[in-house]
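Q:
Chains as they are written, first to last, in this note's numbering: chain A, 1 to 182; chain B, 1001 to 1231.
#1: When you compare the CB positions of residue 1159 (chain B) and residue 1222 (chain B), do they come within less than 8 Å of one another, or not?
#2: Give the DSSP bridge partners of residue 1157 (chain B), in chain order.
#3: Along chain A, which residues have their Cβ under 9 Å away from the Cβ of residue 1183 (chain B)?
#4: State buried or exposed for residue 67 (chain A), treating a residue as buried only when at least 16 other CB atoms are found within 10 Å of its CB.
#5: Going along chain A, which residues have a C-beta under 8 Å from residue 1061 (chain B)?
#6: Would you mind reading off the limits of the beta strand (DSSP E) that contains residue 174 (chain A)?
#7: Under 8 Å between C-beta atoms, does residue 1067 (chain B) make it to chain A?
#8: So, do the stretch 1074-1088 of chain B and the stretch 1110-1125 of chain B have three or more beta carbon pairs nearer to each other than 8 Å?
#9: Would you list the one or two residues that DSSP bridges to residue 63 (chain A)?
#10: Please classify residue 1152 (chain B) as buried or exposed, where buried requires at least 16 other C-beta atoms within 10 Å of its C-beta.
#11: Pairs of beta-carbons, one from the stretch 1100-1109 of chain B and one from the stretch 122-140 of chain A, closer than 8 Å: are there three or more?
#12: Looking at residue 76 (chain A): is its Cβ nearer than 8 Å to the Cβ of residue 116 (chain A)?
#13: Within the 8 Å Cβ cut-off, does residue 1212 (chain B) reach chain C?
#14: Residues in its own chain within less than 6 Å of residue 1045 (chain B) by CB, not counting five upstream and five downstream?
#15: From the DSSP output, which residues share a beta bridge with residue 112 (chain A)?
#16: Assess, as a yes-or-no matter, whether the stretch 1059-1072 of chain B is touched by the stretch 152-172 of chain A under the definition of 3 or more beta carbon pairs within less than 8 Å.
#17: Measuring only between beta-carbons, confirm whether residue 115 (chain A) sits less than 8 Å from chain B.
#18: Can you pull the chain A neighbours of residue 1036 (chain B), defined as C-beta to C-beta under 9 Å?
#19: Between the stretch 1166-1185 of chain B and the stretch 1197-1210 of chain B, do at least 3 Cβ pairs fall closer than 8 Å?
#20: Could one say the Cβ of residue 1072 (chain B) lies closer than 8 Å to chain A's Cβ atoms, at least one of them?
#21: Select from the stretch 38-50 of chain A all residues with a C-beta closer than 8 Å to any C-beta belonging to chain B, and list them in chain order.
#22: For residue 61 (chain A), which of A:41, A:108, A:46 has the nearest alpha-carbon?
#23: Among the candidates B:1023, B:1071, B:1043, B:1093, whose CA atom is the shortest distance from the CA of residue 1203 (chain B)?
#24: Please state the DSSP three-state secondary structure of residue 147 (chain A).
#25: Can you have a look at residue 1020 (chain B) and say buried or exposed, based on whether 16 or more other CB atoms are within 10 angstroms of its CB?
#26: With a threshold of 6 Å on Cβ separation, who are the neighbours of residue 1022 (chain B) within its own chain once the five nearest residues in sequence on each side are excluded?
#27: Relative to the C-alpha of residue 1230 (chain B), which residue among A:112, A:103, A:93 is closest?
#28: Beta-carbon of residue 67 (chain A) versus every beta-carbon of chain B: anything under 8 Å?
#29: Do you know how far the Cα of residue 1043 (chain B) is from the Cα of residue 1065 (chain B)?
#30: Shortest alpha-carbon distance to residue 1112 (chain B) belongs to which of B:1007, B:1024, B:1199?
#31: Is the Cβ of residue 250 (chain A) closer than 8 Å to any Cβ of chain B?
#32: In its own chain, which residues sit with a C-beta less than 6 Å from the C-beta of residue 11 (chain A), not counting the 5 before and 5 after it?
#33: Below 7 Å on C-beta distance, what does residue 1131 (chain B) contact in chain A?
#34: Check whether the stretch 49-58 of chain A touches the stretch 79-89 of chain A, taking contact to mean three or more Cβ pairs, one atom from each stretch, closer than 8 Å.
#35: Quick one: does residue 1105 (chain B) have its CB under 8 Å from some CB of chain A?
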């Protein structure tokens, strides 16, 4: 199963409830990652374009597509491992197309369903091309809009017992002054 | 001046390009026209295809172009003749001497083979981080939350992008919040939990297979129904 199918399952079955006020009044746009689009179609015979839009539609009142879109959408510029490679100027130059597309939509929110794409749009293109946008992972958008109801006492107790047994099994002891590793 | 002629053919070509490509590719330039890196280093996908068809394998393999290219596939999608530009570009990457692969792509792949994740996060640190962040989540309004590790019978097993525990651990909480709200039965692995396959980018098929095998082995061990790679 992929991220889209799992998120759609939770929403359709009512396992997560969405607060549509969370992003109300903000125009969103979606980015099609190459790996979920063109490359998924080639490798598995199925591209994921509708799914990204369906999920975004459940959360945001208003969103628009970029042009071009779907199978002709532009790569963010960081695909193929480029985010990790030393060719920074080339990566930023590549991304000008994505930045133009985003700017033309007038969107304030960009939804990116891929780690590389999100990093490139959020940490590189926004600054380089002075974009006035906030970038979210698709699952971040959902997580931010979910109405969280705390578990019942019974569930919490059961989870505490499981957690305690698990950390004991792994020999993990948390000191009060312990800090996560850098 | 005598120079050996370049022999063309599937057997002679390192890129395994058939000479008929020279005819299949119409040099129409549709690929190059739609490629955002056309012009960088005076290259474009059309020229790369022509180099391969003409037997200039080493020149292409040793150039930056296959790495500046993001393997996005717009060129191939647009090609009226179905030239497999992406496969060629990735083969060219795979033929680069391993110690000359740019950036951490190859080193990360080797690290993943050795320690189970691209960034070499040690076993103990991983578990401590999860235990500590589980407590944090409870304080942030998710009573009863913890990260189940190697939990047999979990419905969903998820891989992790190592950049998150390494540099942006709070980003792991997005999925955790969704799982919490959905009352999902889920788990992550104590070892070999990496979800990012740098072998795909480096053209290293063997490492890619090994990484997939480990992820599947983890999923089978806990008898999960759903394997999620949240990339």
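Glycine included, each C-beta is placed from N, C-alpha and C at the ideal position. Keep in mind it's a predicted model, so treat the numbers as computed, not measured.
A: In short, the structure shows the following:
#1: No, the pair does not count as a contact, with Cβ atoms beyond the cut-off.
#2: BP columns for residue 1157 (chain B) point to B:1187, B:1227.
#3: For residue 1183 (chain B), the chain A residues whose C-beta falls within less than 9 Å of its own C-beta are 15, 151, 155, listed in chain order.
#4: It counts as exposed.
#5: Going along chain A, no residue has its Cβ under 8 Å from residue 1061 (chain B), so there is no contact; the nearest lies around 16 Å.
#6: Unbroken run through residue 174 (chain A): none, as it is neither H nor E.
#7: Look at residue 1067 (chain B): its C-beta is under 8 Å from a C-beta on chain A.
#8: By the C-beta criterion, the stretch 1074-1088 of chain B is judged not to be in contact with the stretch 1110-1125 of chain B, since fewer than 3 inter-stretch pairs fall below 8 Å.
#9: Answer by DSSP bridge pairing, in chain order: A:28.
#10: Classification of residue 1152 (chain B): exposed, given that the 10 Å Cβ count is below 16.
#11: No, the stretch 1100-1109 of chain B is not in contact with the stretch 122-140 of chain A.
#12: In this structure, the beta-carbon distance from residue 76 (chain A) to residue 116 (chain A) falls below 8 Å.
#13: Absent from the structure: chain C. Protein chains present are A and B.
#14: Excluding five sequence positions before and after residue 1045 (chain B), the CB atoms of its chain that fall closer than 6 Å to its own CB belong to 1031, 1032, 1035, 1075, 1085, given in chain order.
#15: In the DSSP secondary-structure assignment, residue 112 (chain A) is bridged to A:137.
#16: With a cut-off of 8 Å on Cβ pairs, the stretch 152-172 of chain A is not in contact with the stretch 1059-1072 of chain B, counting fewer than three such pairs.
#17: Interface flag for residue 115 (chain A) against chain B is set, since a Cβ pair is found closer than 8 Å.
#18: The contacting residues are 74, 75, 77, 93, 94, 95, 96, 97, 98.
#19: The stretch 1197-1210 of chain B and the stretch 1166-1185 of chain B do not touch, with fewer than three beta-carbon pairs separated by less than 8 Å.
#20: Yes - at least one Cβ of chain A is within 8 Å of the one on residue 1072 (chain B).
#21: Listed by position along the chain: 38, 39, 42.
#22: Across the set A:41, A:108, A:46, the C-alpha of A:108 shows the shortest separation from the C-alpha of residue 61 (chain A).
#23: Closest by alpha carbon: B:1093.
#24: The answer is coil: DSSP assigns residue 147 (chain A) none of H, G, I, E or B.
#25: Flag for residue 1020 (chain B) reads exposed.
#26: Setting aside the 5 residues that flank it on each side, residue 1022 (chain B) is surrounded in the same chain by 1053, each with a C-beta closer than 6 Å to its C-beta; the list follows chain order.
#27: Comparing Cα-Cα distances from residue 1230 (chain B) to each of A:112, A:103, A:93, the minimum goes to A:112.
#28: It does not; no Cβ of chain B falls within 8 Å.
#29: Answer to the nearest angstrom: the Cα atoms are 7 Å apart.
#30: Answer by Cα proximity: B:1199.
#31: No statement about residue 250 (chain A) is possible, as the shown extent of chain A runs from 1 to 182 and does not include it.
#32: Here the set comprises 58.
#33: Within 7 Å of the CB of residue 1131 (chain B), the CB atoms of chain A belong to 167, 172, 174, in sequence order along the chain.
#34: Taking a cut-off of 8 Å on C-beta distances, the stretch 49-58 of chain A does not touch the stretch 79-89 of chain A, as fewer than three cross pairs fall below it.
#35: With 8 Å as the cut-off, residue 1105 (chain B) counts as an interface residue toward chain A.
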